[in-house]
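Chemist: Let me give you the structure first, and then I'll get to my questions.
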Amino acid sequence: MLNFFQLILIYAGIYALMAIGQNCITGYTGMLSLCHAGFLCIGSYATAIMCKTFGFSFWLSLPVAAIASGLVGLLIGIPTLRLKGDYLCIATLGLGEIIRNVATNLNPVGYNSVPRANLFGYEFASRNKLSFIILIWAFVLVFYILFQQLAHSRLGRAMIAVREDEVAAQSNGINVTKYKISSFVLGAAVGGIAGCLQTAYTLTVQPGSFTFMVSVMVLCTVVLGGMGNGKAVILGAFIIQFISYFPQLTGLTNIIPAQAKQIIYGLLLIVMMLWRPQGLLGRDKFRYGDPRTRKERLVSFFVRGKAKGGRA
Amino acid sequence: MGTLTLYMQYIVNGLTLGSIYSLIALGYTMVYGILKFINFAHGDILMVGAFIGLLIYNGLTGGEAADPGAWTLLSFFIAMIASMAFCALLGMVIERVAYKPLRNANRLAPLLSAIGVSFILSNGAAWIFGTQSRRFPYPFENEPIHIGSITVTPHQIVIVVVSVVMMFLLTFFVNRTRMGKAMRAASLDQATSQLMGINVNRVISLTFAIGSALAAVGGILASFDFRVYPSMGTMTGLKAFVAAVIGGIGNIQGAMLGGVLLGILEAVGAPLLHIPNGMKDTVAFAVLIVVLLVKPEGILGKNEREKV
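As they're listed, the protein sequences go chains A and B. The working numbering runs 321 ahead of the 1-based position in the first sequence. The working numbering runs 14 ahead of the 1-based position in the second sequence.
Printed below as a string of structure tokens:
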């Protein structure tokens, strides 16, 4: 029981990271991309190859995973991001499948017993789940703050302008393609980091685990919480993982079929679109013209009492 | 066998594959023509069609054990028609429940809802029928016929003939009947056709019904070559979508042309470029991206400028 709660925490963290990336692409810039499984795959493979084949440490493979999947994001982003809406969705879905195909052809059995991550002599072992929970959620926190800051920056505002109205944004001098690609690359890089962390936890990489299903789960996480809302996305990750582990938590694995969770995800997508398209928490309200400096806002984020002052 | 005859053989195989793609692509293109929306669940309707067809066929003939004869052939057609009817109904229900309330919503909303439907269908099928793949038994003797040095199997002939008949019927329906005229009107301008007394809701329902019925036929025909399993619709559906884009999405003749073209490209391109079997699907997506970049309106599509 406790075991499953810990598993939920670990996987909620990994999915929250991926969802932060997906949120940057879908929530901020409004592009429906369906290849986060591909980015996760690249991150995992990069980590496995770096650590196992070349014997580098986990910490070095982390930026490599991010850069590798960011690069792939850039390479596939340049041709595909000129497409809109539905076309983009299908093209990215196809690309996700291609990444998996290439990975399968590269190494059909995947990698086993990847060396463990190591921090100042402390070894992260899979059975010690608490250390992983801390490690993964530290990353979630860092990326949450980074992307929250991004949303309020010049780059983030441009992305949101692209989401709201591409033509209007363009006529205001925003280079739409540039911001779309940067958003895609950032989202992809975070996906790569999630893959790296997942590999550090499971220590195995199997090409069969990066299916379309993962991309839909990540998308479902973002839609469920609320597109464009950082906190909501993390809440979404918890709910999705809770649904995923519900049969094990309640001990009803014999009664609940294995496909039940996927069917629930599908239902969730439809129900959310029909009744609450903005997600459970809704969209984050962006306070334009906030007179406070970034540092003050960062402080007010952690210190509750100060949050009231200076809001426009 | 000479290289030329080898490629002739690939073209024959591609033609068979392509006619299946065409049938499925028609569903995408018809829905897109009217609603400007990609029915993501179309590929899974194909899978449901294949399963229903297989179940009815096995129920009527006793499955693999049956000797091919007049009765198996007849029950094959009964199964196909029943599966068409079922899928038509399914398509209409899906449209009513998941797409109709979102007709005026943000463009992302129906797409997400369609992904949800697709997920429910494929996983629901995995739950009900299990994940193992099944073979669709041939309802006729499938002895290869040799024409010169090219080999053609009867099931390939059946696939092409059934597809051509279906496409002919569809063309007749769209161009010559009253309802077809309403359909063409609705795809040109929904508001105006409503003012002219066309029941656009019924037209949209009908479009989904016809598209899904064609997908069911495509699914049954595809299961001769690919076997029947719950996720069979994803890849086949995606490729059919690529076919619809190649031909010019929204254009019925375009979908037929695009399907055949994609089938031939895939069957000829993979051996020509020495692409390993596991990477075959990559060809279709490479084609998709090239087409979208070079000629996004497709071969027969009209170039529509975005209005502000």
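Virtual Cβ for every residue (Gly too), placed ideally from N, Cα, C. A quick note: this is a predicted structure, and the numbers were derived from the prediction, not measured.
Taking the beta strand (DSSP E) that Val166/B falls in, what are its first and last residues?
Modeler: Your numbering for residue 166/B matches position 152 in the second sequence. It spans 164–166 - the beta strand (DSSP E) in which Val166/B sits, taken as one unbroken run.
Chemist: Buried or exposed for Val535/A, going by 16 or more other Cβ atoms inside 10 Å?
Modeler: To locate residue 535/A, count along the first sequence from 1; it is residue 214. Answer is buried; the Cβ neighbour count reaches 16.
Chemist: Can you round the beta-carbon distance between Met180/B and Val107/B to whole angstroms, since I take them to be within the 8 Å contact cut?
Modeler: Numbered from its first residue, the second sequence carries residue 180/B at position 166. Numbered from its first residue, the second sequence carries residue 107/B at position 93. The Cβ separation is near 22 Å, so there is no contact.
Chemist: Strictly under 7 Å for the Cβ-Cβ distance: is Ser127/B near chain A by that measure?
Modeler: Taking the first residue of the second sequence as 1, we reach residue 127/B at position 113. With 7 Å as the cut-off, Ser127/B counts as an interface residue toward chain A.
Chemist: Hey, does Gly415/A have any beta-carbon neighbour from chain B nearer than 7 Å?
Modeler: Sequence index remark: in the first sequence, residue 415/A carries index 94 (1-based). At least one chain B Cβ lies under 7 Å of Gly415/A.
Chemist: Beta-carbon of Asp486/A versus every beta-carbon of chain B: anything under 7 Å?
Modeler: In the first sequence, the residue the question calls residue 486/A occupies position 165. No, Asp486/A lies away from the interface with chain B (no Cβ there is under 7 Å from its Cβ).
Chemist: Check the Cβ-Cβ distances between Gly587/A and every residue of chain B, and say whether any is below 7 Å.
Modeler: As a working note, residue 587/A is residue 266 in the first sequence. Output row for Gly587/A: interface = yes.
Chemist: Would you mind stating whether Gly587/A and Phe133/B have Cβ atoms separated by less than 7 Å?
Modeler: One-based indexing of the first sequence puts residue 587/A at position 266. One-based indexing of the second sequence puts residue 133/B at position 119. Going by C-beta atoms, Gly587/A is nearer than 7 Å to Phe133/B.
Chemist: Would a check of beta-carbon distances place Asn428/A closer than 7 Å to chain B?
Modeler: Residue mapping note: residue 428/A aligns to position 107 of the first sequence, counting from 1. No, because no Cβ of chain B sits closer than 7 Å to the Cβ of Asn428/A.
Chemist: Going straight from the alpha carbon of Met22/B to that of Thr43/B, what length do you get?
Modeler: Translated into the one-based positions of the second sequence, residue 22/B becomes position 8. Translated into the one-based positions of the second sequence, residue 43/B becomes position 29. One C-alpha to the other measures close to 29 Å.
Chemist: Tell me where the beta strand (DSSP E) around His288/B begins and ends.
Modeler: Translated into the one-based positions of the second sequence, residue 288/B becomes position 274. No beta strand (DSSP E) contains His288/B, which DSSP labels as neither H nor E.
Chemist: Between the alpha carbons of Lys629/A and Leu467/A, how many angstroms are there, rounded?
Modeler: In the first sequence, the residue the question calls residue 629/A occupies position 308. In the first sequence, the residue the question calls residue 467/A occupies position 146. Confidence in Lys629/A is poor, its pLDDT being 48 and thus under 50, which makes the residue's placement unreliable; the coordinate value appears in the next sentence. Using only the alpha carbons, I get a separation of about 22 Å.
Chemist: One question on the structure: do Met538/A and Gly348/A come within less than 7 Å of each other, judged by their Cβ atoms?
Modeler: Here the question's residue 538/A lines up with position 217 in the first sequence. Here the question's residue 348/A lines up with position 27 in the first sequence. No, the Cβ-Cβ distance between Met538/A and Gly348/A is not below 7 Å.
Chemist: Is the CB of Thr43/B under 7 Å away from at least one CB in chain A?
Modeler: Working through the second sequence from its first residue, we reach residue 43/B at position 29. With 7 Å as the cut-off, Thr43/B does not count as an interface residue toward chain A.
Chemist: Output, in chain order, the set of chain A residues within a Cβ distance shorter than 8 Å of Asn189/B.
Modeler: The residue labelled residue 189/B in the question sits at position 175 within the second sequence. Per Cβ cutoff of 8 Å: no residues; Asn189/B is ~27 Å from chain A at best.
Chemist: Measuring straight from C-alpha to C-alpha, what distance separates Val506/A and Val172/B?
Modeler: Working through the first sequence from its first residue, we reach residue 506/A at position 185. Working through the second sequence from its first residue, we reach residue 172/B at position 158. Distance between the alpha carbons of Val506/A and Val172/B is about 47 Å.
Chemist: So what's Arg148/B in DSSP terms, helix, strand or just coil?
Modeler: As a position in the second sequence, residue 148/B is number 134, starting the count at 1. Arg148/B falls in the strand class under three-state DSSP.
Chemist: Less than 7 Å between CB atoms is the rule here; does Ile303/B satisfy it with respect to chain A?
Modeler: Taking the first residue of the second sequence as position 1, residue 303/B is located at position 289. By this cut-off, Ile303/B is an interface position.
Chemist: For Gly233/B versus Ala257/B, is the C-beta spacing smaller than 7 Å?
Modeler: On the second sequence, position 219 is the one that residue 233/B refers to. On the second sequence, position 243 is the one that residue 257/B refers to. Against a cut-off of 7 Å, the Cβ pair of Ala257/B and Gly233/B comes out as no contact.
Chemist: What residue does the beta strand (DSSP E) around Gly303/B start on, and which one ends it?
Modeler: In the second sequence, residue 303/B corresponds to position 289, counting from 1. Note that residue 303/B is Ile in the sequence shown here, rather than Gly. First-last for Ile303/B: 294–308, but that is the alpha helix (DSSP H), not the beta strand (DSSP E).
Chemist: If the cut is a Cβ gap below 7 Å, which residues of chain B does Tyr655/A touch?
Modeler: A query on residue 655/A cannot be resolved here, the shown segment of chain A reaching from 322 to 633 and no further.
Chemist: In three-state terms, what does DSSP make of Tyr432/A?
Modeler: Position 111 of the first sequence, counted from the first residue, corresponds to residue 432/A. Tyr432/A: strand per DSSP, three-state reduction.
Chemist: Helix, strand or coil: how does DSSP classify Leu440/A here?
Modeler: Here the question's residue 440/A lines up with position 119 in the first sequence. In this structure, Leu440/A counts as strand in the three-state DSSP scheme.
Chemist: In this structure, how does DSSP classify Gly630/A when only helix, strand and coil are distinguished?
Modeler: Stepping through the first sequence from its first residue, residue 630/A is reached at position 309. In this prediction, Gly630/A scores a pLDDT of 46, lower than 50, which makes its location untrustworthy; no coordinate-derived value is stated.
Chemist: What is the rounded straight-line gap between the Cα of Leu20/B and the Cα of Phe559/A?
Modeler: Counting from one through the second sequence, the residue named residue 20/B turns up at place 6. Counting from one through the first sequence, the residue named residue 559/A turns up at place 238. Distance between the alpha carbons of Leu20/B and Phe559/A: 55 Å.
Chemist: With a threshold of 7 Å on Cβ separation, who are the neighbours of Met480/A within its own chain once the five nearest residues in sequence on each side are excluded?
Modeler: Taking the first residue of the first sequence as 1, we reach residue 480/A at position 159. Cβ within range, chain order: Tyr349, Thr350, Tyr500, Ser504.
Chemist: Which residues of chain B have a Cβ atom closer than 8 Å to the Cβ of Leu404/A, listed in chain order?
Modeler: In the first sequence, the residue the question calls residue 404/A occupies position 83. The contacting residues are Leu306, Pro310.
Chemist: Mind reading off the beta-carbon distance from Val497/A to Ala489/A? Whole number of angstroms is fine, and I expect it under 8 Å.
Modeler: Walking along the first sequence from the start, residue 497/A turns up at place 176. Walking along the first sequence from the start, residue 489/A turns up at place 168. Not confirmed; about 10 Å, so no contact.
Chemist: May I ask you to report which of helix, strand or coil DSSP gives Ile159/B?
Modeler: Start at 1 with the first residue of the second sequence, and residue 159/B comes out as number 145. In the structure shown, Ile159/B sits in a strand (DSSP, three-state: E or B).
Chemist: Would you call Thr520/A buried or exposed, if buried means 16 or more other Cβ atoms sit within 10 Å of its Cβ?
Modeler: By one-based count along the first sequence, residue 520/A stands at place 199. Result: buried.
Chemist: Going by CA-CA distance only, name the one from Met293/B, Ala229/B, Met270/B that's closest to Leu29/B.
Modeler: On the second sequence, position 15 is the one that residue 29/B refers to. The residue with the shortest Cα to Cα distance from Leu29/B is Met270/B.
Chemist: The alpha helix (DSSP H) spanning Asn215/B covers which residue range?
Modeler: Numbered from its first residue, the second sequence carries residue 215/B at position 201. Start and end: 214–240.
Chemist: Among Val526/A, Ile555/A, Gly529/A, which residue has its Cα nearest to the Cα of Leu540/A?
Modeler: Stepping through the first sequence from its first residue, residue 540/A is reached at position 219. Comparing Cα positions, the closest option is Ile555/A.
Chemist: Counting only C-beta atoms, is Gly115/B closer than 7 Å to chain A at any point?
Modeler: Taking the second sequence and counting its residues from 1, the one referred to as residue 115/B is at position 101. It is Pro, not Gly, that sits at residue 115/B in the sequence shown. It does; some Cβ of chain A falls within 7 Å.
Chemist: Mind listing the chain B neighbours of Met339/A? Cutoff is C-beta to C-beta under 9 Å, in chain order.
Modeler: Stepping through the first sequence from its first residue, residue 339/A is reached at position 18. The premise fails here: Met339/A is roughly 17 Å from chain B at the closest Cβ pair, so nothing lies under 9 Å.
Chemist: For Asn428/A, tell me which candidate among Gln527/A, Tyr465/A, Tyr522/A has the shortest Cα-Cα distance.
Modeler: Within the first sequence, numbered from 1, the residue matching residue 428/A stands at position 107. It is Gln527/A whose Cα lies nearest to the Cα of Asn428/A.
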